[in-house]
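The next block holds one structure in the form of structure tokens; read it before the comments.
Numbering (this note's numbering), first residue to last: -13 to 386.
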């Protein structure tokens, strides 16, 4: 009952703000929470629709010749990216409450609020939902009076300087590659490894058996404590970024991941990528990360039970990152994107190759055909054959 009252007060406050505006006042869009029954949530339309331009970009994912762009809480824009210089918008997959995805064997897995949905994408023009697994992402649930409600967030216009403590980061909620598995960015919360789908919520690691791709089944959830943010697979291990460090899990037994160690640092946002015996971790300041440092850390994981810091390099506001060969590509938020030579792990900060400060960047994928960078203004693609001289190929702009 208390949550119903809070929800009602939020609505009343919103209405009051909107009806008491004065001439010349400035407004901005934030997200207001509300409750929706699980039954109502599952009745929302799901499925393929005509192509539309993204209004906001979230997670990015590549599979074969296709680029998938999440629009937080709305669904997934699908582009034919066989030629990165001219990506073609082919369809929109409507998935209410979606913020992440992963693909294997032509099955796309996506979250829809508290449920996991599976879609057959073997025919992009005729995508079909093949399964829904209920009640697996419970951080969005509110239980009272024997009725389950889903906490959802609605874009709302409010006066500037309004209390933003009730804002929700929809992008806070996808991933290695092989011939049958796609590739996501370093900010992913979904990943696939050894016929299992692994997802991380704010405080847990959830496992799904996908040996039969079109029939995912929930295995279990492992509590990790608060502040879980990202997951990255490498060989038979899972590297999980949290607000306070990096967990390393062995997935040698895919259905029973075992924690090997935790590399700890100060409170900060924390995506991770891995190559060889080294993990690369970015820490940044931000509203959801409190006070922290802006830096890149290099960690020796040759012994995954005893990770050791190798070097620390100051950055401006680092977000996602990706590695290709001896080059590391690092997103600096509103400060652009940078490329570094990482041959000498102790001198990465001195080996900046290029800094493009005109691109707002959140996450990056060094794909087989292009470097894909997503940010608040859209998705940029570059030819990165020469990491010293990234050449722009195309931009998928958000619709304003």
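All residues carry an ideal CB built from backbone N, CA and C; glycine is no exception.
- Listed as beta-bridge partners of residue 232 by DSSP are 227, 249.
- Less than 9 Å divides the Cβ of residue 331 from the Cβ of residue 284.
- Sorting 268, 245, 235, 196 by C-alpha distance to the C-alpha of residue 224 places 235 at the top.
- In the three-state DSSP reduction, residue 265 falls in the strand class (E or B).
- Between residue 86 and residue 176, the alpha-carbon positions lie close to 7 Å from each other.
- Note that the stretch 306 to 317 does not touch the stretch 285 to 292; fewer than 3 beta-carbon pairs, one per stretch, sit closer than 8 Å.
- Residue state for residue 77 is assigned as strand, using DSSP reduced to three classes.
- CA-to-CA, the gap between residue 361 and residue 25 works out to about 34 Å.
- Counting every other CB atom within 10 Å of its CB across the protein chains shown gives residue 386 a total below 16, marking it as exposed.
- Judged by DSSP in its simplified three-state form, residue 175 adopts coil rather than helix or strand.
- Burial is judged here by how many other beta carbons sit within 10 angstroms of a residue's own beta carbon; residue 242 has fewer than 16 and is exposed.
- Per DSSP, the unbroken alpha helix (DSSP H) holding residue 26 starts and ends at 24 to 28.
- By DSSP's assignment, residue 217 forms a beta bridge with 226.
- Taken atom to atom, the span from the alpha-carbon of residue 375 to that of residue 103 is near 40 Å.
- DSSP places residue 124 within a helical segment (H, G or I) once states are collapsed to three.
- Proximity to residue 208 across 245, 264, 88, 231 peaks at 245, based on C-alpha coordinates.
- Of the residues 81, 72, 182, the one whose Cα lies closest to the Cα of residue 222 is 182.
- Under the three-state reduction of DSSP, residue 111 is assigned to helix.
- Within 10 angstroms of the beta-carbon of residue 118 lie fewer than 16 other beta-carbons, which makes it exposed.
- Residue environment analysis places residue 82 among the buried positions, since at least 16 neighbouring C-beta atoms fall within 10 angstroms of its C-beta.
- Rounded to the nearest whole angstrom, the C-alpha separation of residue 321 and residue 301 is 10 Å.
- Under the three-state reduction of DSSP, residue 361 is assigned to strand.
- Note on geometry: alpha-carbon atoms of residue 121 and residue 368 lie some 40 Å from one another.
- Of the residues 106, 111, 190, the one whose Cα lies closest to the Cα of residue 35 is 111.
- Positions of the alpha helix (DSSP H) runs, each at least 4 residues long and wholly inside the stretch 43 to 96, cannot be given because no such run exists.
- Closest option to residue 172, judged by alpha-carbon separation, among 45, 201, 247, 23: 45.
- Residues of the same chain with a CB within less than 6 Å of the CB of residue 298, apart from the 5 flanking positions on each side, are 281, 283 in chain order.
- Looking at the DSSP output, residue 319 bridges to 347.
- For residue 327, the secondary structure class from DSSP, reduced to helix, strand or coil, is strand.
- Out of 248, 170, 251, 195, the CA that lies nearest to the CA of residue 359 is found in 170.
- Beta-bridge analysis with DSSP links residue 335 to no other residue.
- Shortest Cα-Cα distance from residue 197 to any of 363, 205, 371 involves 205.
- When C-alpha distances from residue 123 are compared across 54, 97, 109, the shortest belongs to 97.
- Straight-line spacing of the CA atoms in residue 219 and residue 228 works out to 15 Å.
- Under the DSSP definition of a beta bridge, residue 309 partners with 314.
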